[in-house]
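Chemist: Each residue of the sequence shown is one higher than the last, beginning at 5 in this note's numbering. Glycine residues also receive a C-beta, built at the ideal position from the N, C-alpha and C atoms. Being a predicted model, the structure only gives us computed values, none of them experimental.
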Amino acid sequence: MATVRDTTYDLLRALGLTTVFGNPGSTEEPFLQDFPADFRYVHALQEASAMAMADGYAQATGRPAHVNLHTAPGTGNGMGNLVTAWHNKTPLIVTAGQQSREMLLIEPRLASPRAVELTQPYVKWAHEPTRAQDIPAAFMRAYASAVQPPAGPVFLSLPMDDWDRPADPPPQVRTVATRIAPDPDRLRGFAATLAAARAPALVLGAAVDRADAWPAAVALAERLAAPVWAAPAPERAVFPEDHPQFRGVLPYAIGPLAETLGGHDTVLVVGAPVFRYYPYVPGDYLPADARLLHVTDDPDEAARAPVGESLLGDPGLAMNGLVELLPPTDRSAPPARDDPAPAQPADPPSADAVFAALAAWWPADGVLVQESPSNLAALRRRLRVSRPRSYFTMASGGLGFGLPAAVGIALAERDTGRGRPVVAVVGDGSFHYSVQALWTAARLGLPLPVVVPVNQQYAILKAFADLKHTPGVPALDLPGLDLAAVARGYGCAAEVVESPDRLGPALDAALAADRPTVLPVPISTDVPRIL
5 MATVRDTTYD LLRALGLTTV FGNPGSTEEP FLQDFPADFR YVHALQEASA MAMADGYAQA
65 TGRPAHVNLH TAPGTGNGMG NLVTAWHNKT PLIVTAGQQS REMLLIEPRL ASPRAVELTQ
125 PYVKWAHEPT RAQDIPAAFM RAYASAVQPP AGPVFLSLPM DDWDRPADPP PQVRTVATRI
185 APDPDRLRGF AATLAAARAP ALVLGAAVDR ADAWPAAVAL AERLAAPVWA APAPERAVFP
245 EDHPQFRGVL PYAIGPLAET LGGHDTVLVV GAPVFRYYPY VPGDYLPADA RLLHVTDDPD
305 EAARAPVGES LLGDPGLAMN GLVELLPPTD RSAPPARDDP APAQPADPPS ADAVFAALAA
365 WWPADGVLVQ ESPSNLAALR RRLRVSRPRS YFTMASGGLG FGLPAAVGIA LAERDTGRGR
425 PVVAVVGDGS FHYSVQALWT AARLGLPLPV VVPVNQQYAI LKAFADLKHT PGVPALDLPG
485 LDLAAVARGY GCAAEVVESP DRLGPALDAA LAADRPTVLP VPISTDVPRI L
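#1: Figure out for me which residue from Arg214, Arg240, Ala211 and His247 has the closest Cα to the Cα of Ala223.
#2: Can you check whether the CB of Trp233 is closer than 9 Å to the CB of Gln37?
#3: Going by Cα to Cα distance, which pick from Ile258, Arg169 and Ala220 is closest to Val242?
#4: Within this structure, are the beta carbons of Ala309 and Leu265 separated by less than 9 Å?
#5: Leaving out five residues on either side along the sequence, give the residues of the same chain with a beta carbon under 8 Å from the beta carbon of Arg178.
#6: So what does DSSP say about Ile258, is it helix, strand or coil?
#7: According to DSSP, is His47 helix, strand or coil?
#8: Using a Cβ-Cβ cut-off of 7 Å (strictly less than) and excluding sequence neighbours within five positions of Arg251, which residues of its own chain qualify?
#9: Pick out the complete alpha helix (DSSP H) segments inside the stretch 67 to 140, 4 residues or longer, and give them in chain order.
#10: Nearest by alpha-carbon distance to Gly101: which of Gly80, Thr88 and Thr7 is it?
#11: From Ala155 to Asp351, what distance separates their C-alpha atoms?
#12: Nearest to Gly495 by CA position, among Ala510, Leu162 and Leu442, is which residue?
#13: Could you tell me the alpha carbon to alpha carbon distance between Ala399 and Glu239, rounded to whole angstroms?
#14: Return the bridge partner residues of Pro453 from the DSSP annotation.
#15: Looking at the structure shown, is Leu316 part of a helix, part of a strand, or coil, going by DSSP?
#16: Under a Cβ-count criterion, where at least 16 other Cβ atoms within 10 Å of its own Cβ denotes burial, should Pro117 be classed as buried or exposed?
#17: Per the DSSP calculation, His298 is bridged to which residue(s)?
#18: Within the chosen definition, does the stretch 349 to 369 reach the stretch 511 to 530 through at least 3 CB pairs nearer than 8 Å?
#19: Using three-state DSSP, classify Ala513 as helix, strand or coil.
#20: Provide the residue span of the alpha helix (DSSP H) that contains Pro188, from first to last.
#21: Within 10 Å of its beta-carbon, does Ala345 have 16 or more other beta-carbons around it, so buried, or fewer, so exposed?
#22: Can you tell me the Cα-Cα spacing of Arg169 and Ala136, whole angstroms?
#23: State the Cα-Cα distance for the pair Ala52 and Ser438, rounded to the nearest angstrom.
#24: Go to Thr11, then tell me how far its alpha helix (DSSP H) extends in each direction, as first and last residue.
#25: Mind the definition here: the stretch 418 to 427 touches the stretch 376 to 383 only if three or more C-beta pairs lie below 8 Å; say whether that holds.
#26: Got a sec? Which residues, its chain only, sit under 6 Å from Ala416 by beta carbon, not counting five neighbours each side?
#27: Please classify Val411: does DSSP put it in a helix, a strand, or coil?
#28: Which residue marks the beginning of the alpha helix (DSSP H) containing Leu448, and which one marks its end?
#29: In this structure, how does DSSP classify Gly26 when only helix, strand and coil are distinguished?
#30: Can you check whether the C-beta of Met5 is within less than 9 Å of a C-beta belonging to chain C?
#31: Below 8 Å, is the gap between the Cβ of Glu32 and the nearest heavy atom of the ligand PLP?
#32: Classify Trp366 as helix, strand or coil using the three-state DSSP reduction.
#33: Between Thr420 and Leu16, what straight-line distance do the alpha-carbon atoms span, to the nearest angstrom?
#34: Using 10 angstroms around the beta-carbon of His359, count the other beta-carbons present and answer buried if the total reaches 16, otherwise exposed.
#35: For Gly401 versus Ser434, is the C-beta distance shorter than 9 Å?
#36: On the DSSP letters alone, give me the boundaries of the alpha helix (DSSP H) that Trp218 sits inside.
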């Protein structure tokens with residue numbers, strides 16, 4: 005008779021979930037027992053790294069991923085990057101072991117008394133099956149929930165004594181729709197408003213990239229002859245940034261954002277919340293007399309928007325529909341934005357100079373994973389992403405995602421056969437949040453360059469302190485960290501890049517290597533402004 009474990013593994017095969025990211029614990033060993041030869045276990049040294057690796061892998065493959073955590077303590081380790089996966093809208097099936105059912109009443113060591121609540125509100129669905137025989141069907145429901153828009157993580161708590169129980173008949177392998185068509189009447193109303201607009205603006209969010217909707221975005225922007233901005237703090241690139249109508253990323257504060265959109269009477273936001281704000285800088289949400297139209301596949305985003313009219317729908321379907329409904333315009337396309345001025349030499353160099361060198365080297369099919377908050381404006385100004393699915397960062401604002409996510413993305417590039425070069429840019433503060441991910445990358449033999457701008461401080465926090473007039477905050481400096489030594493200790497290559505002109509050759513060597521390479525780059529300690 006088939007066991008619950010047998011039936012579950014057969015279902016995972018049918019769903020294409022044969023890669024498991026995790027860090028094994030005692031409550032997970034009964035699930036992992038006799039691990040099938042056709043499955044792969046991606047071993048992370050800590051659950052936060054496992055979670056972000058799975059997130060990056062799922063985003064890069066465009067398919068759900070399975071991450072297996074330890075019971076409550078291990079799930080707690082992974083929570084920070086679970087929050088990020090929730091905001092990234094990444095379809096993840098997160099499982100964790102639970103103590104034996106026979107002992108749960110007395111709450112033994114490693115029991116998770118309120119396991120279903122532990123991951124909330126950062127999962128779409130959380131469940132601990134009432135019967136062992138319900139586990140395979142729970143996986144099927146978890147998969148169906150994770151992939152439906154808005155996609156996101158789900159959580160299953162699985163008692164360790166369930167796996168050898170006799171199984172019920174296996175659940176039917178089901179498919180579900182992953183795209184929402186917009187209401188046609190409301191779409192026609194949006195098109196009429198845009199057609200009558202004097203000066204429309206287009207603001208795009210990460211859902212455009214998740215929906216593979218760059219061609220629709222370009223067609224709509226050109227039909228409207230409108231300038232295009234990325235919504236504040238985007239976790240994906242949303243539009244070809246070398247297109248003459250692209251204006252950059254909107255500021256993520258209320259007053260400055262409205263000022264940036266000044267002069268526009270209609271603002272169409274597609275695939276983004278309205279808006280992602282931080283810090284608090286008061287002002288009007290929109291320019292005076294401007295009207296906002298919002299297209300999203302997330303009902304919560306539609307509900308919490310402080311202004312505007314919302315339409316639920318897939319970004320690609322909605323934008324293609326608008327292109328068909330809109331008449332040609334006689335407006336001239338807006339002029340292209342200016343190129344940034346040449347970077348000024350200095351010793352140590354500015355982040356701007358380092359990223360100018362990175363942009364000059366950048367391969368056409370490169371994938372950038374970044375977590376360098378204080379230097380983000382310089383990076384985005386210098387390196388213009390021109391292809392879909394080529395830029396990834398965290399939507400949550402929490403650190404510790406970038407390095408392990410880059411490992412997952414590089415693994416996905418190898419598994420899919422695309423082989424696109426992946427480069428991580430991770431600040432020296434962010435680097436240490438999930439540094440254990442380097443060991444996994446080395447074990448996998450991934451040729452992953454990790455560029456680390458080194459300013460020996462939490463510069464982003466110093467910038468916030470300046471903005472908010474909070475002097476005297478402790479623990480904002482990071483002296484005495486030898487990043488190259490840490491990298492070598494995890495099995496990586498390492499080279500300190502002393503000048504921007506050495507960055508290109510170092511990156512070439514790193515991409516030709518058989519393991520990751522950490523490239524610390526000393527930069528100026530000047531603190532950039534937040535806004």
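Modeler: On the basis of the supplied data:
#1: His247
#2: no
#3: Ala220
#4: no
#5: Met144 and Ala148
#6: helix
#7: strand
#8: Pro231, Val232, Trp233 and Arg341
#9: 76 to 92 and 119 to 122
#10: Gly80
#11: 46 Å
#12: Leu442
#13: 5 Å
#14: Thr521
#15: strand
#16: exposed
#17: Val273 and Ser314
#18: yes
#19: helix
#20: Pro188 to Ala200
#21: exposed
#22: 7 Å
#23: 7 Å
#24: Val8 to Ala18
#25: no
#26: Tyr61, Ala64 and Thr65
#27: helix
#28: Ala441 to Leu448
#29: strand
#30: Any reference to chain C falls outside this structure, which holds one protein chain only.
#31: For the structure depicted, the ligand PLP is absent and the ligand set is empty, with no information on it obtainable.
#32: coil
#33: 19 Å
#34: Reading off the sequence, residue 359 comes out as Phe, not His. Label assigned to Phe359: buried.
#35: no
#36: Trp218 to Leu228
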